[in-house]
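Enquirer: To start, I am sharing the structure in question, which I have written as structure tokens.
Number of protein chains: 2
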Amino acid sequence: MSNKLISYDNAMEIIKGEIKRLSPRTEEIDLLNSLNYILAEDVIADIDMPPFDNSAMDGYAIKFSDKKNWEIIGEISAGNYSSLTLSEGDAVLITTGSKIPPEADTVIPIEDVETSGNALVLKPNAHFKKGMNIRTKGNDLEKGKITVSSFTKIGPNVIAALASCGKIKVKVYNKLKIAVLSTGDELIPVNQIPHDDKIRASNNYSLSAAITGINHLPVNLGFAKDDKEIIRRKIKDALEMDIDMLITTGGVSVGKYDYLLELFDEAGIEKKFWRVNIKPGKPIYFGVYKKDKKKILVFGLPGNPVSSLVNFYIFIKPAVDYLYHQNEINFHTAILQHDLKKTDTKRHFSRGIIFYEEDEWRVKAEFSQSSGNLIEMSRANCLIEIEENKINPLKGEKVKCIMI
Amino acid sequence: MSNKLISYDNAMEIIKGEIKRLSPRTEEIDLLNSLNYILAEDVIADIDMPPFDNSAMDGYAIKFSDKKNWEIIGEISAGNYSSLTLSEGDAVLITTGSKIPPEADTVIPIEDVETSGNALVLKPNAHFKKGMNIRTKGNDLEKGKITVSSFTKIGPNVIAALASCGKIKVKVYNKLKIAVLSTGDELIPVNQIPHDDKIRASNNYSLSAAITGINHLPVNLGFAKDDKEIIRRKIKDALEMDIDMLITTGGVSVGKYDYLLELFDEAGIEKKFWRVNIKPGKPIYFGVYKKDKKKILVFGLPGNPVSSLVNFYIFIKPAVDYLYHQNEINFHTAILQHDLKKTDTKRHFSRGIIFYEEDEWRVKAEFSQSSGNLIEMSRANCLIEIEENKINPLKGEKVKCIMI
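If you read the protein sequences in the order shown, they are chains A and B. Residues in the first sequence are numbered consecutively from 1, following the numbering used here. Residues in the second sequence are numbered consecutively from 1001, following the numbering used here.
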């Protein structure tokens, strides 16, 4: 690969082409701890669901006929089935989810009848049809069918289905281990006061949180000064670890202390691209390190805290979603509330605040959009994506907003 | 309060009126563990941000004049400031974020110049303006101003800002402790095979996961048979615990074993409403238990696994968001892909699958919409909210979809 500036789409294709060759391992975990993991097996229904014909309403189970009045002969509630013998003219009070007696074929909702003692009468004009309000056995899913497929992200609704299949242990894809190493002579620990041209090393914090936020495992390697020997050693140590990705920040720009590209090369990492036609985050590097049967993806992000976090959201998160077949519903189309300056042909990811007003999604971006402005970034809730060929989007135009 | 069916909006107002009187406690935690907590203090910038004038680009720092060519006299990269004395005609190679020498007032981007040895020439037609590409000290935020306000949800971008302020510990609101107790004679443990009219107790799993998913703390109280004495004891024990909410499932319907309302009353819980004009989840109960200076909110949800989870998303999650001043961006407006049957005047929350196609959000709901259908629910990614007065929404209409 040359050092030619490539497009965002091209860069993303290259990353996807590499990440799909990772073979994430699987593990078996307790269902109770499985929230937000990706399922790594097709889970089969071990019973019909529901397991028996049951009532969809609180009401009266009857045997359908021309009759419009009945005698209440008993009551069935969930888990308290009694084998009543029900003739035409008999009705049984039944609660939602309770098992239907074999002779009954219809449930009349409680609001459609009037009772007086054991006498039950259908209200005039009530909807009354044979078979109504009965959920038949296996209607939700038949025994032996797939309840939840592999590559499903496990939400509370999926956990409910898995619990119903008796799955107290589930096979899931392991969390990816993603190491984060910051570099830069300007960095000082967060708990110190910066003097001269120093700044606090916030990238380890923000990127580790971003990794945790997508349910993977950050491995915090701290930060290193721009000393070739130190960084060389840190990269070597990282590549020897059992990790899936290495993210570095800093050292990918044009200064004389920007050693990272040289050191990546020296460490045997194959460069796939360097520099993408985007703003912010242009200097991003991407490479692959092959190790036995495993690969480690290496992302060299710029040191700027806004750029590196934007890079995470626009490259790394979508790549991980792609690996796990996830189509995340994480963007909105919103109406721009003012003109936005964009005079170049880069793809921009501007920081914005999206809100809903007067039946429309709207987005403000009255920020300087300087990639130095971390406080502004902290107030944003989305990235406004503006494509390469779009110049100066105007107030009132619809723009794509990626939620962050 | 009477037992009159109330509207969804009315129910939500009642819940909000009660939840806002809770006074959640605060704690100080490590910044590294603070993701998704709600900040409980205004954090003040202890330094100007950025702390010094710096370059917004990789480029050359110069003193602006009519000149279009310069001599490169040195280089400054981030963290390696050297106090060069710069005259008109001198240029210093400078990387993004690096401190600007005092005499320089302008940075020319690297792509706008040509170099030959130490000679630097501005490219014809390059944009060239005094003061360009310099981020001035304090431009992002001045020392003493609020960096991040109380009630901000802590995302990775907020963590970056807090780290930049040297906050390695932050004051946050405690996670709410939310106990979950399922009731019902039909329930058996998840690891058993159901026979007759039994079903697996999935509600503790799904509701605990839903509570974890909104970053609060589930307290799993398991499940109890419909035995008055057992449930009475379980409720008493729960109310004696240090919890903020109690969620029960089952026992709020019309059967003879539906003891919960009676037992809530007996335990001294003040009923605020019972039964809301919605589908599914109509039998929901809401009450408040006063204990010393504290309140426990009590939600009695129906036993049906779909209904109870829908109740969680439409009542409990919005209530918690309200307590913490969160305006969650968690819905889309989407085009209905087919007619939907709705003949009553309840508010419906139908299970749907939202997707993006041909530049539009679209939603399918080709499900039976029976509240018994947990497998269908597990495949949904949203709830389609259809208001009371809307009858039979048609294919092509826009509907509100709450992401789950």
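C-beta atoms are modelled at their ideal positions from N, C-alpha and C, and glycine is treated no differently. It should be emphasised that the depicted structure is a prediction, and the values quoted were computed from it without experimental measurement.
1. I believe B/D1042 touches B/G1138 by the beta-carbon criterion, under 8 Å. Please report the beta-carbon distance rounded to the nearest angstrom.
2. For A/P194 and chain B, any beta-carbon pair shorter than 8 Å?
3. Residues in its own chain within less than 8 Å of B/R1135 by CB, not counting five upstream and five downstream?
4. Give the range of the alpha helix (DSSP H) segment to which B/K1228 is assigned.
5. With a threshold of 8 Å between beta-carbons, can B/I1278 be considered close to chain A, or not?
6. Considering just the uninterrupted stretch of the alpha helix (DSSP H) at A/I100, what are its terminal residues?
7. Run the CB neighbour count on A/L394, radius 10 Å, all protein chains shown included, and call it buried at 16 or more, exposed below.
8. Kindly indicate which three-state DSSP category B/N1036 falls into: helix, strand or coil?
9. Would you please verify whether the beta carbon of B/V1148 is less than 8 Å from any beta carbon of chain A?
10. Considering Cα atoms alone, identify which of B/K1228, B/I1284 and B/E1103 is closest to B/E1262.
11. Does A/D90 come within less than 8 Å of chain B when only Cβ atoms are used?
12. Just confirm the distance between the C-beta atoms of B/N1204 and B/V1180, as a whole number of angstroms; I'd bet it's less than 8 Å.
13. Say whether the stretch 59 to 76 of chain A touches the stretch 155 to 163 of chain A, bearing in mind that this needs 3 or more beta-carbon pairs closer than 8 Å, one atom from each stretch.
14. Taking the beta strand (DSSP E) that B/K1177 belongs to, which residues open and close that run?
15. Would A/D185 count as contacting chain B if we go by Cβ distances under 8 Å?
16. What separation, rounded to the nearest whole angstrom, lies between the Cα atoms of B/G1281 and B/T1249?
17. To test your reading of the DSSP string, which unbroken alpha helix (DSSP H) runs of 4 or more residues are found completely within the stretch 245 to 294 of chain A?
18. Do the stretch 1241 to 1261 of chain B and the stretch 86 to 95 of chain A make contact, defined as three or more Cβ pairs closer than 8 Å?
19. Report yes if the CB atom of A/A210 is closer than 8 Å to the CB atom of A/L239, and no otherwise.
20. Which residue comes first and which comes last in the beta strand (DSSP E) that contains B/I1146?
21. Once DSSP output is grouped into helix, strand and coil, what is the label at A/G74?
22. Out of B/N1304, B/K1177, B/M1403 and B/P1318, which one is the CA nearest neighbour of B/G1352?
23. Tell me whether A/T212 sits in a helix, a strand or coil according to DSSP, three-state version.
24. Please classify A/M1 as buried or exposed, where buried requires at least 16 other C-beta atoms within 10 Å of its C-beta.
25. Assign A/P393 to one of three DSSP states: helix, strand, or coil.
26. Verify the CB distance criterion: does B/K1395 have a CB-CB separation below 8 Å to chain A?
27. What would DSSP say about B/M1403, mapped onto helix, strand or coil?
28. Please classify A/K167: is it buried, with 16 or more other beta-carbons within 10 angstroms of its beta-carbon, or exposed?
29. So which residues of chain B does A/R406 contact, with C-beta pairs closer than 7 Å?
30. For B/P1051, which three-state DSSP category applies?
31. Whole angstroms are fine: how far does the CA of B/K1177 sit from the CA of A/S208?
32. In chain A, what lies closer than 7 Å to B/V1158 by C-beta?
33. Check A/Y173 in the structure and name its three-state DSSP category.
34. Can you tell me where the beta strand (DSSP E) with B/L1374 in it begins and where it stops?
35. Can you pull the chain A residues whose beta carbon is under 7 Å from the beta carbon of B/E1027, in chain order?
36. Go through its chain and collect everything with a Cβ distance to B/N1392's Cβ below 8 Å, but skip five positions before and after it.
Expert: Result, derived from the coordinates:
1. Within the second sequence, residue 1042 of chain B is the residue found at index 42, counting from 1. Within the second sequence, residue 1138 of chain B is the residue found at index 138, counting from 1. Going by Cβ atoms, the distance from B/D1042 to B/G1138 rounds to 18 Å, so no, they are not a contact pair.
2. Residue 194 of chain A sits at position 194 when you count from the first residue of the first sequence. Yes, its Cβ sits closer than 8 Å to a Cβ of chain B.
3. Counted from its first residue, the second sequence places residue 1135 of chain B at position 135. Excluding residues within five positions, the ones whose Cβ falls inside 8 Å are P1050, D1053, N1054, S1055 and A1056.
4. As a position in the second sequence, residue 1228 of chain B is number 228, starting the count at 1. B/K1228: member of the alpha helix (DSSP H) spanning K1228 to E1240, first to last residue.
5. In the second sequence, counting from the first residue as 1, residue 1278 of chain B sits at position 278. Taking Cβ atoms only, chain A never reaches closer than 8 Å to B/I1278, which makes this a no.
6. As a working mapping, residue 100 of chain A is identified with position 100 in the first sequence. Segment: none, A/I100 is in no alpha helix (DSSP H) and carries neither H nor E.
7. In the first sequence, residue 394 of chain A corresponds to position 394, counting from 1. Around the beta-carbon of A/L394, fewer than 16 other beta-carbon atoms lie within 10 Å, marking it exposed.
8. Here the question's residue 1036 of chain B lines up with position 36 in the second sequence. Note: B/N1036 maps to coil in three-state DSSP.
9. On the second sequence, position 148 is the one that residue 1148 of chain B refers to. Using a CB distance cut-off of 8 Å, B/V1148 counts as an interface residue toward chain A.
10. The residue given as residue 1262 of chain B occupies position 262 in the second sequence. Closest by C-alpha distance to B/E1262, out of B/K1228, B/I1284 and B/E1103, is B/K1228.
11. Within the first sequence, the letter at position 90 stands for residue 90 of chain A. At a cut-off of 8 Å between beta carbons, A/D90 makes no contact with chain B.
12. One-based indexing of the second sequence puts residue 1204 of chain B at position 204. One-based indexing of the second sequence puts residue 1180 of chain B at position 180. Their Cβ separation, rounded to whole angstroms, is 5 Å, which keeps B/N1204 and B/V1180 in contact under 8 Å.
13. Remark: fewer than three beta-carbon pairs, one from each stretch, lie closer than 8 Å, so the stretch 59 to 76 of chain A and the stretch 155 to 163 of chain A are not flagged as touching.
14. Translated into the one-based positions of the second sequence, residue 1177 of chain B becomes position 177. Run containing B/K1177: K1177 to T1183, per the beta strand (DSSP E) assignment.
15. The count along the first sequence starts at 1 and reaches residue 185 of chain A at position 185. Taking 8 Å as the threshold, the shortest C-beta distance from A/D185 to chain B falls below it.
16. In the second sequence, residue 1281 of chain B corresponds to position 281, counting from 1. In the second sequence, residue 1249 of chain B corresponds to position 249, counting from 1. Between B/G1281 and B/T1249, the C-alpha separation is close to 11 Å.
17. When DSSP assignments are scanned along the stretch 245 to 294 of chain A, the uninterrupted stretches of alpha helix (DSSP H) that are 4 or more residues long and fall wholly within it turn out to be 260 to 266.
18. Touching, yes, given that three or more Cβ pairs across the two stretches are closer than 8 Å.
19. On the first sequence, residue 210 of chain A is found 210 positions in, with the first residue counted as 1. On the first sequence, residue 239 of chain A is found 239 positions in, with the first residue counted as 1. A/A210 is not a Cβ neighbour of A/L239, given a cutoff of 8 Å.
20. Your numbering for residue 1146 of chain B matches position 146 in the second sequence. Start and end: I1146 to V1148.
21. Locating residue 74 of chain A in the first sequence gives position 74, where the first residue counts as 1. Looking at A/G74 - three-state DSSP - the assignment turns out to be strand.
22. Start at 1 with the first residue of the second sequence, and residue 1352 of chain B comes out as number 352. Answer by Cα proximity: B/M1403.
23. In the first sequence, the residue the question calls residue 212 of chain A occupies position 212. If DSSP states are grouped into helix, strand and coil, A/T212 belongs with the helices.
24. If you number the first sequence from 1, residue 1 of chain A lands on position 1. Low confidence applies to A/M1: its pLDDT is 46, below 50, so where it sits in the model is not reliable, and the reading given next is rough at best. Exposed, because fewer than 16 other Cβ atoms sit within 10 Å of the Cβ of A/M1.
25. Along the first sequence, one-based indexing puts residue 393 of chain A at 393. Residue state for A/P393 is assigned as coil, using DSSP reduced to three classes.
26. Position 395 of the second sequence, counted from the first residue, corresponds to residue 1395 of chain B. Chain A contact via Cβ: absent.
27. Looking up residue 1403 of chain B in the second sequence gives position 403. Note: B/M1403 maps to strand in three-state DSSP.
28. Residue 167 of chain A sits at position 167 when you count from the first residue of the first sequence. Around the Cβ of A/K167, a 10 Å sphere holds 16 or more other Cβ atoms; the residue is buried.
29. Residue 406 of chain A cannot be examined here, being either before or after the span of chain A that is shown, 1 to 404.
30. Here residue 1051 of chain B is taken as the residue at index 51 of the second sequence, counted from 1. Shown here, B/P1051 sits in coil according to DSSP, grouped into three states, outside any helix or strand.
31. Along the first sequence, read from residue 1 onward, the residue named residue 208 of chain A stands at position 208. Along the second sequence, read from residue 1 onward, the residue named residue 1177 of chain B stands at position 177. So the alpha carbons of these two residues sit roughly 26 Å apart.
32. By one-based count along the second sequence, residue 1158 of chain B stands at place 158. The contacting residues are S378.
33. The residue you call residue 173 of chain A lines up with position 173 of the first sequence. Strand, per DSSP.
34. Locating residue 1374 of chain B in the second sequence gives position 374, where the first residue counts as 1. Judged by DSSP secondary structure, B/L1374 falls outside any beta strand (DSSP E) and instead within the alpha helix (DSSP H) spanning L1374 to R1379.
35. By one-based count along the second sequence, residue 1027 of chain B stands at place 27. Within 7 Å Cβ-Cβ: nothing; B/E1027 doesn't reach chain A, min ~18 Å.
36. As a first step, residue 1392 of chain B is located in the second sequence; it is residue number 392 there, counting from the start. So the list reads D1339, L1340, K1341, K1342 and T1343, once near-sequence residues are dropped.
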